[in-house]
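One structure is given here, and the rest of the page talks about it.
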Amino acid sequence: MRAGERDEGAGGTAGEVAGAGRGDGRLGIAELGAEPGERATLVQFSSAFCQPCRATRRILDEVAAMVGGVRHIEIDAEKNLDLVRALGIVKTPTVLVLDAAGRIVRRAAGMPRKADVIAALGAAV
291 MRAGERDEGA GGTAGEVAGA GRGDGRLGIA ELGAEPGERA TLVQFSSAFC QPCRATRRIL
351 DEVAAMVGGV RHIEIDAEKN LDLVRALGIV KTPTVLVLDA AGRIVRRAAG MPRKADVIAA
411 LGAAV
């Protein structure tokens, strides 16, 4: 995914970022606050007055509706500061692409393009 992209698949996982998740490098229902997707999960960190967050929500909702087994979960960064800090989230929107096991395979800060989100899902499914 473009805007501030970081590839987590090449050595970096959520578990290596200040012990996020369950300690095994995965994010699940406890961290996400909702059931992850069967094949992949698009996790969006947003804040209340973030204009690009609204557009990002629409894009991720559309992609999740297009691709079977993919779910979009939006997390309020201000209400989940421990998770934000553990994952090193520094701006909103930030999007994480999780595989079926809950491992972060892609990460991008800023509003992504739909084509980039679809391409990033290829690493997760």
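Counting from 1, position 58 in the sequence shown corresponds to residue 348 in the working numbering; the numbering is continuous, with no gaps. Glycine included, each C-beta is placed from N, C-alpha and C at the ideal position.
- Its chain contains Gly359, Val360, Arg361 as the residues whose beta carbon lies nearer than 7 Å to that of glycine 327, once the 5 sequence neighbours on both sides are disregarded; these appear in chain order.
- One Cα belongs to leucine 350, the other to arginine 397, and the distance between them is close to 13 Å.
- DSSP places leucine 373 in the uninterrupted alpha helix (DSSP H) bounded by 371 to 377.
- Shown here for phenylalanine 335: same chain residues with a beta carbon closer than 6 Å to its own, the five before and five after excluded, namely Ile365, Ala367, Ile379, Thr382, Thr384 in chain order.
- Excluding sequence positions up to five before and after threonine 346, its CB lies within less than 8 Å of the CB of Gln334, Ser336, Pro383, Val385, Met401, Pro402, all in the same chain and listed in chain order.
- CA-to-CA, the gap between leucine 373 and leucine 322 works out to about 9 Å.
- In this structure, DSSP gives alanine 355 a helical state, which the three-state scheme calls helix.
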